[in-house]
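There are 2 protein chains.
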Amino acid sequence: MKPYVLGIDIGGTNTVIGIVDARGAVIASASIKTAKHANIEDYIDDLYHEASRIIEANDAQDKINGIGIGAPNSNYFTGTIVDGVNLPWPTPIPLARLVSEKFGIPVAITNDANAAAIGEMTYGAARGLKDFIMITLGTGVGSGIVINGQVVYGHDGLAGELGHLIVKRNNGRLCGCGRTGCLEAYCSATGVARTAREFLEIRTEESSLRNLEIDKITSKDVYDAAINGDKLAQDIFEYTGTILGESLADMMTFSSPAAFILFGGLAKSGELLLKPLRNALEKNLMVCYKGKPKVLLSELKEADAAVLGASALGWEAKPLDAPAVPQASTLVVAAQ
Amino acid sequence: MKPYVLGIDIGGTNTVIGIVDARGAVIASASIKTAKHANIEDYIDDLYHEASRIIEANDAQDKINGIGIGAPNSNYFTGTIVDGVNLPWPTPIPLARLVSEKFGIPVAITNDANAAAIGEMTYGAARGLKDFIMITLGTGVGSGIVINGQVVYGHDGLAGELGHLIVKRNNGRLCGCGRTGCLEAYCSATGVARTAREFLEIRTEESSLRNLEIDKITSKDVYDAAINGDKLAQDIFEYTGTILGESLADMMTFSSPAAFILFGGLAKSGELLLKPLRNALEKNLMVCYKGKPKVLLSELKEADAAVLGASALGWEAKPLDAPAVPQASTLVVAAQ
Chain A
1366 MKPYVLGIDI GGTNTVIGIV DARGAVIASA SIKTAKHANI EDYIDDLYHE ASRIIEANDA
1426 QDKINGIGIG APNSNYFTGT IVDGVNLPWP TPIPLARLVS EKFGIPVAIT NDANAAAIGE
1486 MTYGAARGLK DFIMITLGTG VGSGIVINGQ VVYGHDGLAG ELGHLIVKRN NGRLCGCGRT
1546 GCLEAYCSAT GVARTAREFL EIRTEESSLR NLEIDKITSK DVYDAAINGD KLAQDIFEYT
1606 GTILGESLAD MMTFSSPAAF ILFGGLAKSG ELLLKPLRNA LEKNLMVCYK GKPKVLLSEL
1666 KEADAAVLGA SALGWEAKPL DAPAVPQAST LVVAAQ
Chain B
1366 MKPYVLGIDI GGTNTVIGIV DARGAVIASA SIKTAKHANI EDYIDDLYHE ASRIIEANDA
1426 QDKINGIGIG APNSNYFTGT IVDGVNLPWP TPIPLARLVS EKFGIPVAIT NDANAAAIGE
1486 MTYGAARGLK DFIMITLGTG VGSGIVINGQ VVYGHDGLAG ELGHLIVKRN NGRLCGCGRT
1546 GCLEAYCSAT GVARTAREFL EIRTEESSLR NLEIDKITSK DVYDAAINGD KLAQDIFEYT
1606 GTILGESLAD MMTFSSPAAF ILFGGLAKSG ELLLKPLRNA LEKNLMVCYK GKPKVLLSEL
1666 KEADAAVLGA SALGWEAKPL DAPAVPQAST LVVAAQ
């Protein structure tokens, strides 16, 4: 096997490219603007140009085993971005095929939360675990589910959308997915900001958050206030952690993971979030699961995490002439 | 491989034993009373005696490939019944070891819902499916989850308790598991009877159910009334099917199964249950899943279903000297 993989993390604003070795060290990285390209071909030309630059600078020609791509709404089975709301090009985009043809290297793609789970299993907090659930707490809530050492893709490649479990069946908040009451509407960074606005309107007590323009409050503002002892801000984290913990207890009835691994901005809130989360999880578990699931924080270095996660897929990417139908025993399928 | 397996379904009242061939035909069956035995050794002696009788009568000595057992609260990894509330013997019971030593044949055990899922995959409605969820609607609600052709056991052998997903977070009904608001408290046969009592107390309209002694109403009574046009009884099925459909939509975000397969007494309510269920499922699905999951009824012959499900495990049972730690590539582990 060749010594490096290329990890590509496609975000709405930036696309980050990294050359990664087998121990998870990022040898070199680069980035391009995602949205400035009028069409997908120009974008891939630019991607190829930047990647080639760092590959050549590190003398890594012919040393790239595979390319792993993390991209929103992407389907691992088909290698396609099915509906990229934050991307400027018409969908579906046969991304794995396009990149593979351009680079001449096997490509596998999956969504960013699955990529994070694979990265954590390959280089991070989930090394040695065969059953765990990765929860990414960013602008939204994503998830990557690993059962018996394999990422769960479902019958259509779109499994693992636990940010869209319904946590409030009636009068729930409107979610970006068009439904109401999703976990994501409460336990994402934007969910925390929404809770802040709700609490500030409903409640009357003093809070330093009242000094801020209410429509511009961010989860970071709430964190800062809570750390400084603001009771209302602390209550917002209590509320958020409790909903997340209740939801993890439900997830336990599904696949009984050994651990939940939290990743993303909100996960860095520490005990503000973790304490109510652990309390609610333990309180809501069925008796047979009590005391079992660990709640861990990601061990991937934050700056590199997205690229590392994506890159981990590159170790198992298969060339274009591999079979299109996924095999039970393989993780990765090339695009056709 | 030898031509037969022995399926054993252990219920609180009866234990049913069947000799099954590779196509799912029950060659012969027998049953013993579960609870009449003062200790587990006597029970296993009786089991052995009855099984030997039908094995000899069918000239099947040395033709049994393995024994599969479906039993409540049993752990596939350890071969143990961990907490058998309806069984008269102290737990844990190392059942796989005890039966294997008595019969000299490899044994695998799992809970009845997982057994039903394996049976459906081997002989029934799930033949050819690699991703599906079996929901058993009996006195309780059980589940067997199959992902990529493998039953999900979780890190501890106890995964797949979807009857205990919380469907009502506040003021939910008390469940047998000690928590409140579980799916099982609403969508089991007993849940339907509880809904009947609730509706009869809360609502004022006429219903033939009012002619019955309220504490003795069963789901069968509700079914009979609904079939005869009783509006309140029909509303009870509407309520039950809607909750189940909403819950299946949540399960879809987990493993995106190609189908949900319903099994058990309540599943035989036909369109009374299925129509509101399908409506609620489709209405509550995320856009990316809409139109995808099928809702199927079990195709296992009812009288034989439990034994067939258990027996299917017998095809992959391993002898006692097989490794204790489950391998990613194997379904079944013998008790140690």
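These protein sequences, in sequence, are chains A and B.
Using this note's numbering, read the first sequence as starting at 1366 and increasing by one per residue.
Using this note's numbering, read the second sequence as starting at 1366 and increasing by one per residue.
Where is the CB? At the ideal position from N, CA and C, for every residue including glycine.
Residue i to residue j span [Cα, whole Å]
i, j, result
"A/Ala1668", "B/Ile1601", "54 Å"
"A/Ala1623", "A/Ser1634", "22 Å"
"B/Ala1480", "B/Phe1628", "12 Å"
"B/Thr1378", "B/Ala1400", "6 Å"
"B/Asp1410", "B/Asp1521", "30 Å"
"B/Val1690", "A/Ala1675", "Any reading at B/Val1690 needs caution, since the residue's pLDDT is 42, under 50, leaving its predicted position unreliable; the model's value is listed next. So the two alpha carbons sit approximately 31 Å from each other."
"A/Phe1625", "A/Ile1500", "7 Å"
"A/Lys1398", "A/Leu1412", "9 Å"
"A/Leu1650", "A/Leu1565", "31 Å"
"A/Glu1611", "B/Ala1461", "35 Å"
"A/Ser1396", "A/Val1516", "27 Å"
"A/Leu1678", "B/Val1472", "38 Å"
"B/Gly1484", "A/Ala1632", "42 Å"
"B/Tyr1593", "B/Leu1548", "The residue you asked about is not Tyr; residue 1593 of chain B is Asn in the sequence shown. The straight-line gap from Cα to Cα measures roughly 27 Å."
"B/Pro1684", "B/Ile1470", "7 Å"
"B/Tyr1518", "B/Glu1578", "42 Å"
"B/Ile1373", "B/Cys1552", "27 Å"
"A/Asp1427", "A/Ala1478", "29 Å"
"B/Asn1535", "A/Gly1556", "21 Å"
"A/Glu1570", "B/Arg1544", "34 Å"
"A/Val1447", "A/Trp1680", "24 Å"
"B/Lys1666", "B/Tyr1369", "18 Å"
"A/Tyr1488", "B/Cys1653", "31 Å"
"A/Leu1609", "B/His1529", "17 Å"
"B/Thr1583", "B/Gly1493", "36 Å"
"B/Gly1383", "B/Ala1422", "13 Å"
"A/Ser1465", "A/Phe1442", "15 Å"
For residue i: DSSP bridge partner residues
i, result
"A/Cys1547", "A/Ile1531"
"B/Glu1470", "The question names Glu, but residue 1470 of chain B is Ile in the sequence shown. Note: B/Ile1470 sits in no beta bridge, so no partner."
"A/Gln1515", "A/Ile1512"
"A/Tyr1413", "Looking at the DSSP assignment, A/Tyr1413 forms no beta bridge with any residue, so it has no partner."
"B/Ala1490", "In DSSP, B/Ala1490 forms no bridge with anything."
"A/Ala1395", "A/Ile1382"
"B/Ala1624", "B/Phe1497, B/Lys1659"
"A/Ser1439", "A/Ile1446"
"A/Thr1456", "Answer by DSSP bridge pairing: none, since A/Thr1456 is not bridged."
"A/Val1506", "A/Leu1502"
Proximity below 8 Å, CB of residue i to CB of residue j
i, j, result
"A/Pro1459", "A/Thr1445", "yes"
"B/Gly1507", "B/Asn1476", "yes"
"A/Leu1574", "A/Ala1550", "no"
"A/Thr1504", "B/Glu1526", "no"
"A/Ile1392", "A/Val1385", "yes"
"B/Ile1510", "B/Ala1524", "yes"
"B/Asn1430", "B/Lys1367", "yes"
"B/Ala1436", "B/Ile1474", "yes"
"A/Ala1590", "A/Leu1637", "no"
"A/Tyr1408", "A/His1414", "no"
"B/Ile1432", "B/Phe1468", "yes"
"A/Leu1613", "A/Leu1646", "yes"
"A/Val1532", "A/Gly1546", "yes"
"A/Arg1673", "A/Gly1389", "The sequence given here has Leu at residue 1673 of chain A, not Arg. Taking 8 Å as the Cβ cut-off, A/Leu1673 and A/Gly1389 qualify as a contacting pair."
"A/Asp1595", "A/Ser1572", "yes"
"B/Gly1630", "B/Leu1502", "yes"
Any non-hydrogen atom of the ligand SAM closer than 7 Å to residue i Cβ
i, result
"A/Ala1670", "Of ligands this structure carries none, so the ligand SAM is not represented either."
Boundaries (first-last residue) of the alpha helix (DSSP H) holding residue i
i, result
"B/Phe1497", "Not the alpha helix (DSSP H): B/Phe1497 falls in the beta strand (DSSP E), residues 1497 to 1502."
"A/Thr1560", "1554 to 1567"
"B/Ala1591", "1584 to 1592"
"B/Asn1644", "1636 to 1649"
Where the beta strand (DSSP E) through residue i begins and ends
i, result
"B/Asp1669", "Looking at the DSSP string, B/Asp1669 is not in any beta strand (DSSP E), and its letter there is neither H nor E."
"A/Phe1619", "Looking at the DSSP string, A/Phe1619 is not in any beta strand (DSSP E); the run it does join, the alpha helix (DSSP H), is 1596 to 1620."
"A/Gly1435", "1429 to 1435"
"B/Lys1659", "1659 to 1662"
"A/Ile1579", "Per DSSP, A/Ile1579 belongs to no beta strand (DSSP E) and is neither H nor E."
"B/Tyr1369", "1369 to 1375"
Whether or not the stretch 1653 to 1669 of chain B and the stretch 1548 to 1564 of chain A are in contact is what I'm after, with contact meaning three or more pairs of Cβ atoms, one per stretch, closer than 8 Å; do they touch? no
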